[in-house]
Amino acid sequence: MMSSLFDPLQLGALHLPNRVVMAPLTRARAGRDAVPTPIMAEYYAQRASAGLIISEATGISREGLGWPNAPGLWNEAQVEGWKPVTDAVHRAGGRIVAQLWHMGRLVHPDLGETTPISSSAITAPGDAHTYEGKKPYVEPKAATAEDIHRIVLDYARAARNAISAGFDGVQIHGANGYLVDQFLRNGANLRGDRYGGWIDNRMRFMDEVISAVGTEIGMSRVGIRFSPNILVQGVEDTNPIALFTAVAQRLEQLQVPWIELREAHQPTSAGSIPTEPVSPSMRPHYSGKILLNSDYDGPSARARLAEGIADGISFGRPFISNPDLVHRIAVGAPLANGDESTFYSGGVEGYLDYPRLEEAQAA
Ligand SMILES: Cc1cc2nc3c(=O)[nH]c(=O)nc-3n(C[C@H](O)[C@H](O)[C@H](O)COP(=O)(O)O)c2cc1C
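In this text, residue positions in the sequence shown follow the numbering used here: the first is 161, and each later residue adds one.
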């Protein structure tokens with residue numbers, strides 16, 4: 161029998177009361193020290209009716225975080241800053257996992273405080289975000305074996321910190337052209353050692369990160385996100401179907417309980433023309449749960465679930481402007497549009513002030 165968006169879903173140790181998941185959304189409301197601020201607790205608590213909240217991307221280290229006012233999870237002050245956030249979500253009846261982020265070559269040294277690191281010394285196209293506006297990306301250093309070892313330990317520490325901060329688990333950010341993606345895809349990874357070349361080698365970094373995080377907090381609390389069929393921030397692959405089919409097999413071996421795929425079907429939010437969806441090729445090799453994302457509303461999410469590949473759907477922008485998205489989808493209410501100018505603007509405007517349906521109707 162086909163499941164509905166409102167059936168419960170088990171993602172490893174996490175029990176979701178529904179399958180409407182909040183996708184990770186960078187909102188740039190943390191301090192310069194990457195410590196979460198009190199408004200973040202209210203923002204996430206407003207959205208606690210989601211089956212699961214995946215937090216905004218959260219830096220695992222100073223070197224890995226290149227987005228102004230994004231939060232981190234590498235020190236005690238950041239752990240303390242997250243505690244009121246996870247607590248507010250739990251008190252509102254929700255669940256929240258931390259998206260663990262290393263941006264690799266997309267970190268400008270102004271923020272990372274050192275030469276950025278990637279799989280290979282290839283400069284990303286375009287400009288980095290800094291506190292002084294956009295600046296061209298700089299050439300990264302190709303990670304040495306010691307660098308890789310250190311970064312893997314940084315992921316494990318961030319996962320441990322996430323649990324200390326009250327998160328219910330973590331999602332490793334393997335999408336959107338960041339470090340894990342920079343190792344996975346042959347457009348960014350030109351290494352000739354055991355971390356480059358054949359697919360098995362390109363998956364090694366991901367494998368080590370997942371294994372370290374799983375050992376640290378238990379694999380039942382670990383998920384991972386990919387964006388397999390789009391070109392993002394200069395990272396692409398000549399054969400995404402072969403790569404991500406192998407990834408699905410590896411995740412099955414590692415017993416990772418869930419995957420979220422930003423799998424675009426149209427060029428709108430992806431920034432490039434998407435290639436063929438990969439989830440149909442991954443599904444037969446992976447017995448865990450698959451969440452699909454990108455450009456869904458209630459009816460299209462229901463239709464996608466009915467195809468039998470996805471176990472749940474994650475929503476990004478709709479959750480920015482509809483804190484009660486689950487309720488709106490349930491009753492078939494129209495969805496409010498968000499104001500892009502406040503996505504990363506800081507402050508409460510465009511952050512805490514999107515009304516719930518009944519508030520909007522009363523106004
Ligand atoms: C403002 C904004 C911030 C985002 N931040 C993140 C992020 O921190 N991590 C991530 O993996 N994706 C991020 N994304 C991508 C979204 O999670 C999602 O994949 C994308 O918006 C497409 O889904 P949607 O059509 O439901 O919005 C962001 C997107 C937007 C619009």
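Quick reminder that beta carbons are idealized off the backbone N, C-alpha and C, glycines included. Because the structure is a prediction, the values reported are computed rather than measured.
Boundaries of the alpha helix (DSSP H) harbouring M442: 439 to 442, taken from the DSSP string.
In the structure shown, T186 falls within a coil segment according to DSSP collapsed to helix, strand and coil. Only residues of its own chain outside the window of five on either side were considered, and among them P244 have a CB closer than 8 Å to the CB of P198, listed in chain order. DSSP, read as helix, strand or coil, puts R516 in coil. In terms of Cα proximity to S474, the closest of I308, A325, S215, M200 is S215. Assignment of P296 by DSSP, reduced to helix, strand and coil, places it in the strand class.
The residues S432, in chain order, have a CB closer than 7 Å to that of L391 in the same chain once the five nearest residues on each side in sequence are set aside.
The straight-line gap separating the alpha-carbon atoms of R351 and R464 is approximately 38 Å. Within the same chain, and ignoring the five residues on either side of T274 in sequence, the residues whose Cβ sits closer than 7 Å to its Cβ are E223.
For I256, the three-state secondary structure derived from DSSP is strand. Between the C-alpha atoms of V312 and L517 there is a straight-line separation of about 43 Å.
Going by DSSP, Q170 is part of the beta strand (DSSP E) stretching over 169 to 171.
Per DSSP, the unbroken alpha helix (DSSP H) holding Q206 starts and ends at 198 to 206. Pairing V382 with V416 gives a Cβ-Cβ distance under 8 Å.
P285 counts as exposed, since fewer than 16 other C-beta atoms from the protein chains shown sit within 10 angstroms of its C-beta. Counting of Cβ neighbours within 10 angstroms places R265 among the buried residues, the total reaching 16 or more. Within the stretch 380 to 468, the complete beta strand (DSSP E) segments of 3 residues or longer fall at 382 to 386, 418 to 422, 449 to 453, listed in chain order. V249 is classed as buried because its beta carbon has at least 16 other beta carbons within 10 Å across all chains shown. Boundaries of the beta strand (DSSP E) around L176: 174 to 176.
Rounded to whole angstroms, I419 and R345 show a C-alpha spacing of 18 Å. Here the C-alpha atom of E412 lies approximately 32 Å from the C-alpha atom of K301. For S221 against V486, the beta-carbon gap comes to about 34 Å, at or over 8 Å, which does not count as contact.
At least one heavy atom of ligand 1 lies less than 7 Å from the C-beta of E216.
A direct Cα-to-Cα measurement between P434 and G394 gives close to 14 Å. Residues E299, P300, K301, A302 of the same chain have their beta carbon placed closer than 7 Å to that of A281, with the five preceding and five following residues left out of the count.
A direct Cα-Cα distance of roughly 38 Å separates G329 from A523.
Contact between the stretch 312 to 323 and the stretch 251 to 262 is present: three or more C-beta pairs spanning the two stretches fall below 8 Å.
Contact annotation: N389 and A424 have beta-carbon atoms nearer than 8 Å.
Rounded to the nearest whole angstrom, the C-alpha separation of I359 and A406 is 8 Å. Around S278, the same chain offers G264, R265, P300, Q342 as residues with beta carbons nearer than 6 Å, after the five sequence neighbours per side are excluded. Looking at the DSSP output, D287 sits in a beta bridge with P296.
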